[in-house]
Amino acid sequence: MPIPMDEKDNCGKLPSFEELRELAARKNIQAGADIDLNMPEGWLNQYSLSPMFFTTRAYFIFTIAAGMVVAWAIALWGYQIVKGMGVTGLRHPIFWGIYIASFVFWVGLSHSGTIVSSLLRLTRAHWRRPILRGAEAMTVFALMVAALFPLIHMGRVWRAYYMFPLFSQRELWPNFKSPLVWDMMAISVYLVSSVTFLYVGLLPDIALARDMCPQFDWRKKYLTVLALGWRGSHRQWMAHERASTLLAVFILLIAPSVHTIVSWDFAMSITPGWHTTIFGPYFVVGAIYSGVAGVIALMILFRWIFKLDEIIRLVHIRNLAKLELAMAIIWSYFYFVEFITTWYGHKPAEWRIWEYQWERFPHLMVIMLGGTAVAIAALSFNRVRNSPLWLFIITMLINVGMYIERYLILVPVLTHRDNPYMWTDYLPSIVEKSIVAGSFAFFFLLYAVFSKLLPVVTVADIREGKFISGDLRIGNTYVRVHADAEEQS
Amino acid sequence: MRVESFNYSHDNSHKWGMVIDLDRCNGCGACVMACQAENNVPVVGEDVARQKRTMAWLRVERYFEGEWPNLRVVFLPMPCQHCANAPCESVCPVFATYHNPEGLNAQVYNRCIGVRFCGNNCPYGVRKFNWFDYKLEQPLEQQLNPDVTVRQRGIMEKCTFCMQRIRRGKDHAKDEGRSVMDGEVTPACAQTCPTNAIVFGDLNDPKSRVAALAASKRRFRLFEDLGTEPSVIYLKGGA
Ligand code: SF4
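Protein sequences appear in the order of chains A and B. Heads up: the first sequence begins at 67 in the working numbering, then just goes up one per residue. Heads up: the second sequence begins at 959 in the working numbering, then just goes up one per residue.
The structure is reproduced here in C-alpha cells:
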C-alpha cells in the first residue's frame, strides 16, 4: 500500500480512509500518548484532512437528522411570527422564558472555545494543538446560535434593526443606557473577533487543503480564494504567529467581559433575585464550566464520527477533564456564596424565590446540584478521566445541569416578582421547546457543514508541535520534550 | 433640521398625579371597564384570560385579611404608577418608553420591538404585552376611540393617564389663553368611579384637589423602598 510522503505529489490520488487507518494501526500508536512523532508528514496531512474527503455513515445519519429538526423549528418560528408571541407559554408578567435561558446557555457554551484555545496558546501548553480548531469553531457556531435567540424572542422581529445605531432622519439612537444594547455590542464584538481568530488559525490549513485537493475537485476554487495566497513563506509565518498571539490576548480580555454583560441583562434590573453583584463573575464561571464540558463532549463525538482517534488522543481529553474539575469546584463555590447571602439576609422577596424553587422544581434542583456533585466526585478519579464514554456521560450531565441553572435563574424570579398579586406559573409551550431543540440541531448542522468545507483539525499546529518536540530517553522510559522557539532565538 | 414643537406657553410646569383612596374603593371594577373602552384595550375572551393574558391597563387587586368567616377584603386599583425614576425606561433598548416633561411615563407603540425588558423591570407588573392581534367584529370596530392608537401584536402597552385627554385639555386651555384648570382633565377611570375614589390632577399646583389629598396623613406609595417615586398616591383604608 503506497502512501505518498509528500503531499505535493499527491494531487488527484488520495489514499482511502481504510488505508490511512491501517497505517496508523501498523504504527502501533499507544492509547494515552500524544501524537506519534514517527508518523510520516504525508500521513499526518491526509489523516487530518480526511473529514473533508471521506464521509462516514454516522456523519450522514447525524446531518440528515439535524437538518430535519432545523426545518421543523424554522417552520414553527414562522408560525410564531405570523401568529404572535401568544403561541409560547409566556404570560403576564413572565416576559422572558426559555428563549432567553437558551440564549444565556449558548453564549455560555461559546465561551470556552476561544478561552481554552487562547489560554493554552499563550501558556504554550503543547498538548493543546489537536483540539484548537474544534474548540474555536465551537465558539463561533454556539455564538451564531445564541445570536438567533434575541431575534426569536422579539415581539416584532421585523423591526429588529431599531436596535442598531443607524443614522435616521429623526436623529433617534438606541438607548445606550439599556443593558440590551451593551449586550448586542458585546456579542457582535465577540463574534467578529472569534471568527477572525478562527480564520487566522485556519489559513495555513486551508492552503494545505488547497494543495492537497485533487485538481478538479469542487472545493479547489473556494479554498484557493480563502487561502489568500498563502505560500508558507518565512514572512507569512512570522505575521501569522504575531497575529495569533495578539488575537489570543485580545480574546482573553473580551471573553469574560462579554459574559459579564450578559449577566447584567439580569443584574442591572431591580428585580429581586437578579439584582445582585455576584452575577457577573458567577456567569463567567458558569460559562467556562459548561463550555469546557461542551468542548470535551464535542471532542469525543469528533473522534467517533470522523474516526479521528489517532489525532485527538486521550491525553487531550484527560487534560481538559482536569480543567473541568477545577471549574466544577469554583462554580459550586459561587452557588454556595449566592445561596448563603440570600439565606442569611432572608429578605422576603428574595427568599421566597429560593423557597419556590424547591417547592416547584425539586427534580430540576436535584439534577443540577446532584449532577455537579457527581461530576466533582467522578472527575477526581483518573479512571474516569481516561474513559471517553464516562467523560461523555458526565459532561452531558453537566450541560443539562447548566441549562437547568439558566432556567432556574429566569423562571422562579419572574413568576414570583415583588407584587404577590401577580404570582403565577410558567411552562414552555411546544413551540418554544421545538425551537430550542432546533437550536441544538442547528449547531450540529453548522459544525457538520463546516467539517466538509474546511479542515477541522489544526494540521499546521500539530506539525509545528511535531517539529519542535522529540522523545528523550530517560532510563527506561521516553519523555516528550519541547524546544521552545523563543528560548532558542 | 428640527421641527419646532407646539409651544404651550402657559403650561410646562405640570406634574400629573393621581390619588386613590382605598377607603372609598368598593371594588366594583367600573374604572377597569372605562379604561378598556377609552383606550381601545382589546377584549381577549375567556380562554386567553384564563392564560393570564388579559390586556386591561388597570386592574383591581383583591387582598383578603383574616380567616373565613371573619374576612375583610381590601381592594387596590393598580394603574401604571408613572414613576419619576421609572425602572422600565432605562432598560428599553430603543427608547420606546421614555419620560415626558410632565412626569408621565410615555410609550411609543411604533418604536417598540417587543423585547419586553420593561415588563420584567416594572415592579408593579402593570405592563401589558400584545400576545396576538385582536380583531373586532364588523360593527364593533365603530366604537374604537379615534384619539387612541390600536396596537399591533408584539408590542408593549400600558396605562397612559389618558394622555389623549390631557392633550385635549391643554389644547383647550391654550386656545383660551390660560393654563389648565384643576378638574379640567380627568382620565376615564376617575371620571367613572362612582365613589370618587380616584382623583387626578396637577401635583405642582398647590391649590388642586389632588395636591391637598396627597398631603393627607393616610398617604403611602407602593414599594416605596425601591426608590421608583411613583406618581400614584394611595390613601390608607380601614382606619
Ligand atoms: S409603574 Fe411600571 S410601567 Fe409604570 S412607570 Fe413605573 S415601572 Fe414603568
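We treat Cβ as the ideally placed atom computed from N, Cα and C, and that holds for glycine.
If you compare alpha carbons, which of the options is closest to residue i?
i	options	result
residue 209(A)	467(A), 226(A), 179(A)	179(A)
residue 1010(B)	493(A), 524(A), 184(A)	493(A)
residue 1088(B)	1012(B), 1182(B), 1175(B), 1173(B)	1012(B)
residue 1003(B)	1014(B), 1096(B), 996(B), 993(B)	1014(B)
residue 234(A)	1113(B), 1122(B), 1052(B), 1035(B)	1052(B)
residue 1040(B)	1100(B), 1021(B), 1081(B), 1072(B)	1081(B)
residue 158(A)	1148(B), 1086(B), 1031(B)	1086(B)
residue 150(A)	1025(B), 1042(B), 1036(B), 1092(B)	1092(B)
residue 389(A)	131(A), 468(A), 211(A), 194(A)	194(A)
residue 1109(B)	990(B), 1135(B), 1069(B), 1125(B)	1069(B)
residue 1170(B)	977(B), 971(B), 972(B), 973(B)	977(B)
residue 528(A)	393(A), 267(A), 398(A)	267(A)
residue 160(A)	264(A), 218(A), 478(A), 510(A)	478(A)
residue 142(A)	162(A), 499(A), 133(A), 520(A)	499(A)
residue 1036(B)	1148(B), 1057(B), 1136(B)	1148(B)
residue 1179(B)	1167(B), 1166(B), 1194(B), 1055(B)	1194(B)
residue 241(A)	1073(B), 1049(B), 1174(B), 1181(B)	1049(B)
residue 971(B)	1161(B), 1174(B), 1167(B), 1176(B)	1161(B)
residue 1075(B)	126(A), 173(A), 243(A)	243(A)
residue 1112(B)	1077(B), 1071(B), 1131(B)	1071(B)
residue 217(A)	113(A), 418(A), 166(A)	166(A)
residue 462(A)	483(A), 440(A), 377(A), 324(A)	440(A)
What is the C-beta distance between residue i and residue j, in whole angstroms, given that I count them as a contact (C-beta under 8 Å)?
i	j	result
residue 338(A)	residue 416(A)	5 Å
residue 261(A)	residue 206(A)	6 Å
residue 183(A)	residue 201(A)	5 Å
residue 314(A)	residue 175(A)	So it is not a contact: roughly 20 Å between Cβ atoms.
residue 1151(B)	residue 988(B)	6 Å
residue 274(A)	residue 525(A)	6 Å
residue 366(A)	residue 457(A)	6 Å
For residue i, which residues in chain D fall below 7 Å Cβ to Cβ?
i	result
residue 1089(B)	The structure shown contains no chain D; its protein chains are A and B.
In chain A, which residues lie less than 7 Å from residue i when you measure between Cβ atoms?
i	result
residue 1062(B)	Those within 7 Å of residue 1062(B) in chain A number zero; the least Cβ separation is about 18 Å.
residue 1053(B)	238, 241
residue 1093(B)	By Cβ distance, chain A contributes nothing, its closest Cβ being about 12 Å from residue 1093(B), past 7 Å.
residue 1050(B)	241, 244
Run down chain A in chain order and give the residues with a C-beta less than 8 Å from the C-beta of residue i.
i	result
residue 1081(B)	336, 337, 483, 484, 485
residue 1086(B)	158
Taking C-beta pairs closer than 9 Å, name the residues in chain A that residue i reaches, listed in chain order.
i	result
residue 1111(B)	149, 150, 151, 152, 221, 222
In chain B, which residues lie with their C-beta within 8 Å of the C-beta of residue i?
i	result
residue 488(A)	1083
residue 229(A)	1051, 1052, 1071
Using a C-beta to C-beta distance shorter than 7 Å, which residues of chain B count as neighbours of residue i?
i	result
residue 480(A)	1078
residue 226(A)	1071
residue 247(A)	1051
Taking 7 Å as the line, does the beta carbon of residue i fall inside it for any heavy atom of the ligand PLP?
i	result
residue 1014(B)	Absence of the ligand PLP from the depicted structure is noted, with the ligand SF4 being the only ligands included.
Positions along the stretch 295 to 327 of chain A whose CB lies within less than 9 Å of some CB in chain B: For the stretch 295 to 327 of chain A, which is checked against every Cβ of chain B, not one residue is closer than 9 Å.
Near-chain B residues of the stretch 159 to 170 of chain A - C-beta to any C-beta below 7 Å: Cβ contacts with chain B come from 159, 161, 162.
Interface residues of the stretch 1005 to 1024 of chain B facing chain A [CB-CB below 7 Å]: Against chain A - using a Cβ distance shorter than 7 Å - the residues of the stretch 1005 to 1024 of chain B are 1009, 1010, 1011, 1019.
Residues of the stretch 1176 to 1190 of chain B with Cβ closer than 9 Å to any Cβ of chain A, in chain order: Residues 1180, 1181, 1184, 1185, 1186.
Residues, ordered as in the chain, of the stretch 1064 to 1078 of chain B that lie near chain A by beta-carbon distance below 8 Å: Hits within the stretch, in order: 1069, 1070, 1071, 1072, 1073, 1074, 1075, 1077, 1078.
Members of the stretch 115 to 126 of chain A near chain B, C-beta cut-off 7 Å: Flagged: no residues at all.
Three CB pairs or more closer than 8 Å across the stretch 1142 to 1156 of chain B and the stretch 982 to 989 of chain B: With the cut-off at 8 Å, the stretch 1142 to 1156 of chain B and the stretch 982 to 989 of chain B touch.
Residues within the stretch 1032 to 1048 of chain B neighbouring chain A, beta-carbon criterion of under 7 Å: Residues of the stretch 1032 to 1048 of chain B with a C-beta less than 7 Å from any C-beta of chain A: 1045, 1048, listed in chain order.
Touching by the beta-carbon criterion (3+ pairs, under 8 Å), the stretch 112 to 119 of chain A and the stretch 496 to 504 of chain A: With a cut-off of 8 Å, the stretch 496 to 504 of chain A and the stretch 112 to 119 of chain A do not count as touching, because too few Cβ pairs lie within range.
Three CB pairs or more closer than 8 Å across the stretch 378 to 388 of chain A and the stretch 318 to 332 of chain A: Cβ pair count under 8 Å is below three, so no.
Cβ contact (3+ pairs, closer than 8 Å) linking the stretch 1112 to 1127 of chain B and the stretch 1053 to 1067 of chain B: Contact holds: three or more Cβ-Cβ distances are below 8 Å.
Touching by the beta-carbon criterion (3+ pairs, under 8 Å), the stretch 396 to 415 of chain A and the stretch 331 to 351 of chain A: Here the stretch 396 to 415 of chain A lies against the stretch 331 to 351 of chain A, with 3 or more beta-carbon pairs under 8 Å apart.
Cβ contact check for the stretch 429 to 436 of chain A and the stretch 463 to 476 of chain A: 3 or more pairs under 8 Å: These segments touch.
Three-pair Cβ contact test at 8 Å for the stretch 1101 to 1108 of chain B versus the stretch 990 to 1008 of chain B: The answer is yes - the stretch 990 to 1008 of chain B touches the stretch 1101 to 1108 of chain B, with three or more Cβ pairs under 8 Å.
Contact the stretch 130 to 145 of chain A vs the stretch 506 to 517 of chain A: 3+ CB pairs below 8 Å: The stretch 506 to 517 of chain A and the stretch 130 to 145 of chain A touch, with three or more beta-carbon pairs separated by less than 8 Å.
Touch test, the stretch 291 to 308 of chain A against the stretch 443 to 458 of chain A, Cβ-Cβ under 8 Å, three pairs minimum: The stretch 443 to 458 of chain A and the stretch 291 to 308 of chain A do not touch, with fewer than three beta-carbon pairs separated by less than 8 Å.
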